[in-house]
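Q: Residue numbers (my numbering): -9 to 354.
All residues carry an ideal CB built from backbone N, CA and C; glycine is no exception.
Okay, here's the structure, questions in a sec.
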Amino acid sequence: MSELLFADYVPKNLEPINSIGAKWLRLLAAMPLESVAGGKRVCVKMHLGGGTGFTTIHPFFTRKLIDRIKAAGASAVFIADSPGSVATAAERGYTAETVGCPLVSISGPDDRHVRLTPIQPPFGAFNEVEIGAEIVDAEALIDFSHIKGHGACGFGGASKNLSMGCVSQRSRGAIHALEGGLDWDRAKCSHCKICAENCENRAISFTEDGQFDVFYHNCKFCQHCVLICPEHAIRMLGGRYRDFQRGMALTTQAVLAGFKPENRYFINLLMNITIFCDCWGMTTPNLVPDIGILAGSDIVAIEQASLDLIREEKLFPGSLPAGWALGASGHLFEKIHGKDPYAVIAFLHELGLGERDYTVHTLD
Ligand code: SF4
Ligand code: SF4
């Protein structure tokens, strides 16, 4: 059974020492960062967001983490994310001055500084990924993640931060391509656009040359378009979001393989839990009250505990987009996105990356 540390967002009284900022400092002090990061070149992997989104991890939490890593004796520390997010990070409050260390692109400014890494075991044609060289060349990895929903896989956390956030755009596309899903027969299509108009998730569009295009990030595999098409031009190839999740798990494994287990650490912030991933480049209402911060050395346990802490009964009225309704079964994120968020955790566990059983030690 894996052990996790937890700082509860809810203060027992209104003394500043019981606020989440003060608890964060105590949580940092309790982390074994001397052994994880001491004497090492440390990469802190974050999702720095984009566009007008501002509910990524607040620079305050980032700065205190960087200070703690330095105090633990790291030989160097830097924050890494994809080239686009790093290029605009200052607009959202992340600069070398505010966070206390350099912000670097995982793969250089042009996304070409990568290391081809095998996927083990290969998943069909998905057998290698391009991992950013800055990730590969680091000696210790702190996976510092914001928990939120995700249209393609149900939720985004520690695994999503590594698998989609540590690879080149080409490899990110290859992982998304595993979703597959809908097959369209151009010969049958009359271009009435009924499918696009009736997709409540706005996943369907048509290119200028009349090609059917599905944005699988949004698609819930509800089959509404399949059923409504008067020409029977669309058919379902199978709910392949699980293939996407397996691709995420395999890529997570490939990233982690570059680090000794004792030089990996995971921190999940359960705050500003929004419906979509930070890659959407916008902020939407929080779905549930802020929960707190989990930390530990087991990626499976921390992902499992993060999902377990997000409770449907806490859903804020009015926090879902207009016209959205909850599905019938599963975790809150499954009821929202139609995809079982625990599936990726099951794949991570299957790969031997950690334990689904955990105990939580809540800090005072
Ligand atoms: S509903 Fe069917 S026929 Fe109409 S545009 Fe969509 S795929 Fe083509
Ligand atoms: S399966 Fe549902 S969500 Fe996906 S494109 Fe069709 S109508 Fe939209």
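If I follow the unbroken alpha helix (DSSP H) through ASN151, where does it start and stop?
A: Taken as a continuous stretch (DSSP letters only), the alpha helix (DSSP H) holding ASN151 covers 148 to 153.
Q: Throw me the rounded Cβ distance for the VAL334 and GLN235 pair, which I believe falls under 8 Å.
A: Rounded, the Cβ-Cβ distance is 4 Å, consistent with contact.
Q: Smallest Cα separation from GLY41: which of GLY271, PHE145, PRO311, CYS179?
A: Residue GLY271 is the option with its Cα nearest to GLY41.
Q: Looking at chain D, is there any beta carbon in it that lies within less than 8 Å of the beta carbon of LYS13?
A: Of the chains in the structure shown, none is chain D; there is only one protein chain.
Q: On the CB-based measure, 16 or more other CB atoms within 10 Å of its CB, does SER9 come out buried or exposed?
A: With fewer than 16 Cβ atoms within 10 Å of its Cβ, SER9 is classed as exposed.
Q: Quick one: what's ASP71 bridged to in DSSP?
A: BP columns for ASP71 point to SER95.
Q: Going along the chain, which residues of its own chain have a beta-carbon closer than 6 Å to the beta-carbon of MET261, five neighbours each way excluded?
A: Result list for MET261: ASP280, in chain order.
Q: Figure out for me which residue from LYS54, GLY90, LEU(-5), THR78 has the closest Cα to the Cα of PHE68.
A: Looking at the Cα atoms, GLY90 is the closest of the given residues.
Q: Under 6 Å Cβ to Cβ from CYS219, same chain only, skipping five residues before and after it: list those, please.
A: Taken in chain order, the residues that qualify are CYS185.
Q: Taking contact to mean at least 3 C-beta pairs separated by less than 8 Å, is the stretch 133 to 151 in contact with the stretch 312 to 332?
A: With a cut-off of 8 Å, the stretch 312 to 332 and the stretch 133 to 151 count as touching, because enough Cβ pairs lie within range.
Q: Taking the alpha-carbon of LEU387 as reference, which of LEU152, ALA27, ALA123, ILE96 has the nearest alpha-carbon?
A: The shown model of the chain, from -9 to 354, leaves out residue 387, and the question about it has no answer.
Q: When you compare the stretch 284 to 304 with the stretch 192 to 199, are there three or more beta-carbon pairs, one atom per stretch, that lie closer than 8 Å?
A: No, the stretch 284 to 304 does not touch the stretch 192 to 199.
Q: Could you check if MET21 is buried or exposed, using at least 16 other CB atoms within 10 Å of its CB as the buried criterion?
A: Classification of MET21: buried, given that the 10 Å Cβ count is 16 or more.
Q: Could you give the distance in angstroms between the alpha-carbon of THR274 and the alpha-carbon of HIS140?
A: Approximately 13 Å, taken between the alpha carbons.
Q: How about SER357: is its Cβ closer than 7 Å to a heavy atom in ligand 1?
A: Outside the displayed range of the chain (-9 to 354) lies residue 357, so it cannot be described from this structure.
Q: Using the Cα positions of SER149 and GLY155, report the straight-line distance between them to the nearest angstrom.
A: Distance between the alpha carbons of SER149 and GLY155: 9 Å.
Q: Taking just the CA atoms, how far does HIS214 sit from GLY170?
A: Distance between the alpha carbons of GLY170 and HIS214: 16 Å.
Q: Are the CB atoms of ASN276 and THR264 nearer to each other than 8 Å?
A: Closer than 8 Å, so yes.
Q: Can you have a look at MET(-9) and say buried or exposed, based on whether 16 or more other CB atoms are within 10 angstroms of its CB?
A: That one is exposed.
Q: Give me the DSSP bridge partner(s) of MET272.
A: According to DSSP, MET272 bridges with nothing at all.
Q: Can you list the alpha helix (DSSP H) stretches of 4 or more residues lying completely in the stretch 263 to 335, in chain order?
A: With a minimum length of 4 residues, the continuous alpha helix (DSSP H) runs that stay inside the stretch 263 to 335 are 289 to 299, 322 to 327.
Q: Output the residues surrounding ligand 1, defined as those with a CB atom closer than 7 Å to any ligand heavy atom, in chain order.
A: Result: TRP174, LYS178, CYS179, SER180, HIS181, CYS182, LYS183, ILE184, CYS185, ALA186, PHE202, CYS215, ILE218, CYS219, PRO220, GLU221, ALA223, ILE224.
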